[in-house]
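Q:
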Amino acid sequence: MTTSAVRCRVAPSPSGFLHIGTAKTALYNWLFARSNGGTFILRLEDTDAERTEEQYVQAMCEGFKWLGIEWDEGPEFGDEPEKGAFGPYRQSQRLQLYSEEAARLVAEGKAYRCYCTKEELDAQREQAALEKRPPRYSGKCRNLTPEEIAAKGDTPYAIRFRVPEGETVIDDIIQGPVRIQNKEYDDFIIVKSNGDAIFHLAVVVDDGLMKITHVIRGDDHLTNAGRHVMLFNALGYPLPKFAHHPLIHDEQGRKYSKRLHGANVLDWRKDGYLPETMINYISLLGWTSEEEGREFYTLDELKQLFTLKRLTKSPARFDRKKLDWLNGQHIRMLSPDALCDRVLPILREQGFPVDERSRDWLVEMAAICQEKIPTLNHIIPYTDFFFAAPTAYDEKGDRKFFRQDTSLQALEAALECMRQADEWTVTALKESYEAAAEQKELKIGALVNGTRLALTGKTVGPGLYELVKLLGREESVQRMEAALNYIKTSGEGTA
RNA sequence: GUCCCCAUCGUCUAGUCUGGUCUAGGACACCGCCCUUUCACGGCGGCGACAGGGGUUCAAAUCCCCUUGGGGACGCCA
54 MTTSAVRCRV APSPSGFLHI GTAKTALYNW LFARSNGGTF ILRLEDTDAE RTEEQYVQAM
114 CEGFKWLGIE WDEGPEFGDE PEKGAFGPYR QSQRLQLYSE EAARLVAEGK AYRCYCTKEE
174 LDAQREQAAL EKRPPRYSGK CRNLTPEEIA AKGDTPYAIR FRVPEGETVI DDIIQGPVRI
234 QNKEYDDFII VKSNGDAIFH LAVVVDDGLM KITHVIRGDD HLTNAGRHVM LFNALGYPLP
294 KFAHHPLIHD EQGRKYSKRL HGANVLDWRK DGYLPETMIN YISLLGWTSE EEGREFYTLD
354 ELKQLFTLKR LTKSPARFDR KKLDWLNGQH IRMLSPDALC DRVLPILREQ GFPVDERSRD
414 WLVEMAAICQ EKIPTLNHII PYTDFFFAAP TAYDEKGDRK FFRQDTSLQA LEAALECMRQ
474 ADEWTVTALK ESYEAAAEQK ELKIGALVNG TRLALTGKTV GPGLYELVKL LGREESVQRM
534 EAALNYIKTS GEGTA
């Protein structure tokens with residue numbers, strides 16, 4: 054790109070939560086700005102008052118905050134104050150600007166008043182659908198004479214853009230040149246009869262006045278871009294560069310529906326994914342780095358490496374399995390201390406009395422799970438036994454580790470190891486277990502797995518010696534005795 | 001229906017612009033083996049794709065056309 058200042062933006066309409074697709078657009082704009090020393094702008098497209106609610110603004114803000122996407126210019130948003138010299142950044146506060154520009158277009162003959170009613174137009178569209186014709190505006194009000202207009206008196210009117218003859222070319226960075234015959238566009242409305250600007254006018258006026266240099270957005274806007282190019286030209290604004298990236302698809306290959314789980318980026322927070330994972334994963338959904346084969350990227354790396362040239366043209370499906378893998382990678386990159394911080398709220402919410410433990414103990418607990426968990430939420434089944442003794446034993450495990458001929462012997466040997474350990478450390482326990490196994494001619498697995506089942510009630514979990522060490526001698530011994538008692542009193546094992 | 005975009009393993013992709021180095025490379029998933037106290041991690045190996053048809057060319061995944069498939073857009077929504 055050029056060295057002249059890049060200015061790009063994301064312009065969500067606050068009509069719901071932060072959609073994963075909006076997050077992608079925001080991310081690509083943000084990364085592009087960052088990798089070029091440019092400016093990233095947030096603008097709220099709330100021209101449709103009926104669909105905008107303040108709570109949505111909050112929800113969206115939380116999504117951006119969680120992902121860590123921060124903007125250089127933008128409206129007051131959540132607890133952020135308005136910032137930037139090209140404001141206001143909410144379209145609802147820029148209505149005056151749109152009216153002025155629309156009036157200018159009308160005065161220059163580039164737009165005109167249309168007195169057709171919504172009902173008339175709807176009927177025409179339905180008729181067109183019936184006859185399998187493309188729905189197009191009839192052009193009824195295109196050439197009204199000043200007399201005819203005067204005769205309308207104060208009948209409400211919308212304003213339509215007078216689409217010129219010819220062809221419009223969108224010179225798209227990702228898609229290449231896209232040529233569309235202007236006759237494919239009918240004279241579209243730019244101002245509603247209630248005086249509010251339509252999206253197309255608003256975007257172009259805003260992008261023009263905010264000196265946007267690059268419009269990076271989903272390719273659902275590709276055909277709209279033609280309208281925008283015409284509007285840029287009509288208004289006399291310099292044309293920004295366009296880059297229309299493909300949409301994110303669901304596992305079935307459709308546009309990721311708002312109703313699907315995961316459409317809301319905060320769904321992923323709830324499911325135990327790290328924001329750095331989401332940034333990394335979404336970046337991969339339509340972009341590859343020069344460095345072949347590499348897929349793990351930190352945010353700082355992305356800010357360095359991101360280029361529009363490496364954007365993909367075809368839509369990508371969201372693959373949960375790959376996301377899991379990536380999340381595991383990012384979890385392992387965390388320091389045990391950081392992992393502890395991420396995991397604590399989850400354990401707390403689960404009702405585990407984590408605040409009774411020392412910080413060191415909690416960090417160690419997080420550390421012994423780090424290699425094991427694909428999502429933060431998996432911390433729960435990996436650590437619940439620390440906070441409550443097992444009330445039941447895994448059925449398969451019971452048969453396998455409690456009911457064999459050597460089960461009792463193994464568990465008693467393990468218990469002896471615990472009782473006699475000189476020091477309560479991972480290495481001491483390990484050595485002691487190994488010595489006992491050898492001496493009693495038992496498989497180490499019998500000792501270890503039996504102990505795991507006795508202490509946790511499960512057959513899977515963190516490394517055994519690590520877990521025993523953290524559980525503490527007293528608690529471990531108690532649980533071993535309970536297990537032995539359970540085996541002896543539940544009968545069937547003696548056979 | 002009309003217009004626009006897209007098309008390499010199941011999925012994400014490299015390679016396409018600048019045809020030959022591609023008997024098509026990597027990653028996730030899957031399968032097997034190794035490591036191993038479980039689970040996971042890690043290591044090794046396997047399975048697996050240029051949508052189809054025509055051209056152009058000495059040579060095509062790469063260029064052109066058609067077909068098919070998928071997606072998107074056609075609002076006084078954004």
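Under my numbering, the first residue of the first sequence carries the number 54, and numbering increases by one thereafter. The beta carbon of each residue, even a glycine, is placed where N, CA and C say it ideally should be.
1) From the DSSP output, in three-state form, read off T504 for me.
2) With a threshold of 8 Å, are at least 3 pairs of Cβ atoms found where one atom belongs to the stretch 253 to 273 and the other to the stretch 183 to 192?
3) Express the C-alpha separation of A489 and L468 in angstroms, rounding to a whole number.
4) Compare the beta carbon distance of V256 and I212 with 7 Å and say whether it is the shorter of the two.
5) Could you tell me the alpha carbon to alpha carbon distance between L183 and D132, rounded to whole angstroms?
6) With DSSP as the reference, please indicate the residues paired to A250 in a beta bridge.
7) Using beta-carbon positions only, say whether N333 and Y350 come within less than 7 Å of one another.
8) Short of 7 Å in beta carbon distance, which residues of its chain neighbour E348, apart from the five on each side in sequence? Order them along the chain.
9) Could you please give the first and the last residue of the uninterrupted alpha helix (DSSP H) stretch that includes P434?
10) Would you kindly check if the distance between the Cβ of S367 and the Cβ of P299 is under 7 Å?
11) Which first and last residues belong to the beta strand (DSSP E) in which V44 is found?
12) Taking the alpha-carbon positions, what's the T444 to G510 distance?
13) Only counting the same chain, and skipping five residues up and downstream in sequence, which positions put a Cβ closer than 8 Å to that of D320?
14) I need the straight-line Cα distance from G325 to L120, nearest angstrom please.
15) Is the Cβ-Cβ distance between D224 and P230 less than 7 Å?
16) Do C470 and Y486 count as a contact pair if the criterion is CB distance below 7 Å?
17) With DSSP as the reference, label W124 as helix, strand or coil.
18) In whole angstroms, what separates the C-alpha of P70 from that of M533?
19) May I ask you to report which of helix, strand or coil DSSP gives E344?
20) Within 10 angstroms of its Cβ, does A138 collect 16 or more other Cβ (buried), or is it exposed?
A: Considering the structure as presented:
1) Looking at T504 - three-state DSSP - the assignment turns out to be helix.
2) no
3) 11 Å
4) The Cβ atoms of V256 and I212 lie no closer than 7 Å to each other.
5) 51 Å
6) V244
7) Taking 7 Å as the Cβ cut-off, N333 and Y350 qualify as a contacting pair.
8) Cβ neighbours of E348 beyond the five flanking positions: L337.
9) I432 to F440
10) yes
11) Outside the shown range of the chain, which is 54 to 548, sits residue 44, and nothing can be said about it.
12) For T444 and G510, the distance between alpha carbons rounds to 7 Å.
13) H314
14) 13 Å
15) yes
16) yes
17) Per DSSP, reduced to three states, the secondary structure at W124 is coil, with no helix or strand assignment.
18) Rather than Pro, the amino acid found at residue 70 in this sequence is Phe. One C-alpha to the other measures close to 50 Å.
19) coil
20) Label assigned to A138: exposed.
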